[in-house]
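Just below is one structure, and these are the notes that go with it.
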Amino acid sequence: MTIKAGVMGWPVDHSRSPALHGFWLKAYGIDGSYERLPVKPDELAAALRALPERGFAGVNLTVPHKEAAMSVVDEVSPEGQRIGAVNTIFATADGRLKATNTDAYGFITSLKFGAPNFDPKAGPAVVLGAGGAARAVCVALQDAGVPEICVINRTTTRAENLARDLGGNLGVAPWEERTARLKTAGLLVNTTTQGMQGQPALDLDLQTLSPRAVVTDIVYTPLETQLLAGARARGNTVVDGLGMLLYQAQRGFEGWFGQKPEVTAALRAHVLGK
Ligand code: ATR
Numbered sequence: 642m643t644i645k646a647g648v649m650g651w652p653v654d655h656s657r658s659p660a661l662h663g664f665w666l667k668a669y670g671i672d673g674s675y676e677r678l679p680v681k682p683d684e685l686a687a688a689l690r691a692l693p694e695r696g697f698a699g700v701n702l703t704v705p706h707k708e709a710a711m712s713v714v715d716e717v718s719p720e721g722q723r724i725g726a727v728n729t730i731f732a733t734a735d736g737r738l739k740a741t742n743t744d745a746y747g748f749i750t751s752l753k754f755g756a757p758n759f760d761p762k763a764g765p766a767v768v769l770g771a772g773g774a775a776r777a778v779c780v781a782l783q784d785a786g787v788p789e790i791c792v793i794n795r796t797t798t799r800a801e802n803l804a805r806d807l808g809g810n811l812g813v814a815p816w817e818e819r820t821a822r823l824k825t826a827g828l829l830v831n832t833t834t835q836g837m838q839g840q841p842a843l844d845l846d847l848q849t850l851s852p853r854a855v856v857t858d859i860v861y862t863p864l865e866t867q868l869l870a871g872a873r874a875r876g877n878t879v880v881d882g883l884g885m886l887l888y889q890a891q892r893g894f895e896g897w898f899g900q901k902p903e904v905t906a907a908l909r910a911h912v913l914g915k
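Under this note's numbering, think of the first position of the sequence shown as 642, with each following residue one higher.
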């Protein structure tokens, strides 16, 4: 029987997940499908509840459902609870819905492969932004053993809320201090929308950036943001944002279709539409 999965969002046309999972289904010769599922916010609960009877093994969630789904499902993993959002749902044989968040895994795995020499203990991490993506990145960095994480956001109160929720080694600095904080950074992560196609570049002076810092952007359109180009020109190791998207998808695919899929150059090219 064909195993079904998909991505729920509103809108969902822009999602690259069908291309990504479709590539793997074909590559591994699996009898499965992965559909776009446009679901309005007020239809989310019913759509999720209907998954088992419609024969779905599960779904990915995208904007705007990642937080709302938490109160619909039967079980949220500890990682999903810490991040405060879920992106992957598994429907079990008895009709229950289990949710988790694989973005932290996607981020840290992409960083490990993209910068094999990255040492979490090399110095503080500077995380720019305080939205859902920043939460997943901070959880990943805490678990990787980064000694100190500095969250810097245009709206400082959002950074403070994030630091309060996650606790531990999270600190906050004002937006105006972002350049000064680069001096000792072992890692710089952009989780803001700045630098994305159609948006202005991230307003950040790299003059003070430590030559040892690894720089990564979660934006992947374009693949080489101005931030990454600037850091690369200074000789810093850079990691683009596509890896996070590809690695976060591995766990869902494995759970639904029973095969751990590989992230390869061919997959990257396919998802980029090349
Ligand atoms: P997501 O949940 O996908 O991370 P989000 O919640 O919309 O997305 O967060 C977007 C991030 O980009 C926020 O940190 C936002 O800063 P604010 O909290 O101050 O809004 C940041 N951002 C958006 N536009 C920005 C700009 N022009 N300059 C700096 N940061 C910006």
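Note that CB positions come from ideal geometry on N, CA and C, so glycine has one too. Computed from a predicted model, the values in this text were never measured in an experiment.
Item	Value
Going by CA-CA distance only, name the one from Val792, Asn877, Thr741, Thr703 that's closest to Arg805.	Val792
By the DSSP assignment, the alpha helix (DSSP H) with Phe894 in it spans what residues?	883 to 898
With distances taken between CB atoms, is the gap from Val856 to Ser751 smaller than 8 Å?	no
Quick one: measure Cβ to Cβ for Leu823 and Val767, integer angstroms, because I've assumed they're closer than 8 Å.	7 Å
I want to know whether the region 743 to 763 touches the region 803 to 817 - three or more CB-CB distances under 8 Å.	no
Using CA coordinates, which residue listed in Ala800, Gln835, Gly764 is at the minimum distance from Val787?	Gly764
With which residues is Cys791 paired in a DSSP beta bridge?	Val767, Gly812
Looking only at its own chain, which residues have a Cβ that is under 7 Å from the Cβ of Ala660, when we skip the five neighbours before and after it?	His911, Val912
Taking contact to mean 3 or more Cβ pairs, one atom from each stretch, closer than 8 Å, check whether the region 856 to 868 and the region 879 to 894 are in contact.	yes
Considering only heavy atoms of the ligand ATR, list every residue whose Cβ is less than 6 Å from one of them, following chain order.	Gly770, Ala771, Gly772, Gly773, Ala774, Ala775, Asn794, Arg795, Thr796, Arg799, Thr832, Thr833, Thr834, Gln835
Nearest-angstrom Cα distance between Pro841 and Pro693?	43 Å
Leaving out five residues on either side along the sequence, give the residues of the same chain with a beta carbon under 6 Å from the beta carbon of Pro761.	Ala785, Gly786, Val787
Closest by CA to Lys753, which one among Ala781, Arg776, Gly773, Lys739?	Ala781
Where do the ends of the beta strand (DSSP E) carrying Glu684 lie?	Unbroken run through Glu684: none, as it is neither H nor E.
Taking the straight line between their C-alpha atoms, what separation do you get for Ala900 and Leu829?	According to the sequence shown, residue 900 is Gln rather than Ala. Gln900 and Leu829: Cα-Cα distance of roughly 33 Å.
With 16 as the cutoff for other CB atoms within 10 Å, does Trp816 come out buried or exposed?	exposed
For Ala740, write down the residues that DSSP places opposite it in a beta bridge.	Val717, Ile730
Return the chain-ordered list of same chain residues with a C-beta closer than 6 Å to the C-beta of Gln835, the five sequence neighbours on each side being excluded.	Leu843
I'd like to check one pair, Ala740 with Ala698: are the Cβ atoms closer than 8 Å?	no
If you draw a straight line from the alpha carbon of Leu717 to that of Glu708, how long is it in whole angstroms?	Before going further, note that residue 717 is Val rather than Leu in the sequence given. Computed Cα separation, rounded: 11 Å.
Tell me which same chain residues have a C-beta within less than 6 Å of the C-beta of Ala800, skipping the five on either side of it?	Ala771, Val792, Asn794, Val813
The alpha helix (DSSP H) with Asp806 in it runs from where to where?	797 to 807
First and last residue of the alpha helix (DSSP H) that includes Leu868?	867 to 874
Excluding sequence positions up to five away, which residues of its chain have a Cβ less than 7 Å from the Cβ of Thr643?	Asp672, Gly673, Ser674
Please classify Asn758 as buried or exposed, where buried requires at least 16 neighbouring CB atoms within 10 angstroms.	exposed
Is the CB-CB distance between Ala821 and Thr849 below 8 Å?	yes
Can you round the beta-carbon distance between Val648 and Arg677 to whole angstroms, since I take them to be within the 8 Å contact cut?	6 Å
For Val714, which residues of its own chain have a beta-carbon under 6 Å away from its beta-carbon, when the five flanking residues on both sides are left out?	Leu738, Ala740
Taking only the alpha-carbon atoms, compute the straight-line gap between Ala734 and Leu685 and give it to the nearest angstrom.	21 Å
For Thr878, I'd like the list of residues in its chain whose CB is within less than 6 Å of its CB, leaving aside the five on either flank, ordered along the chain.	Ala756, Val855
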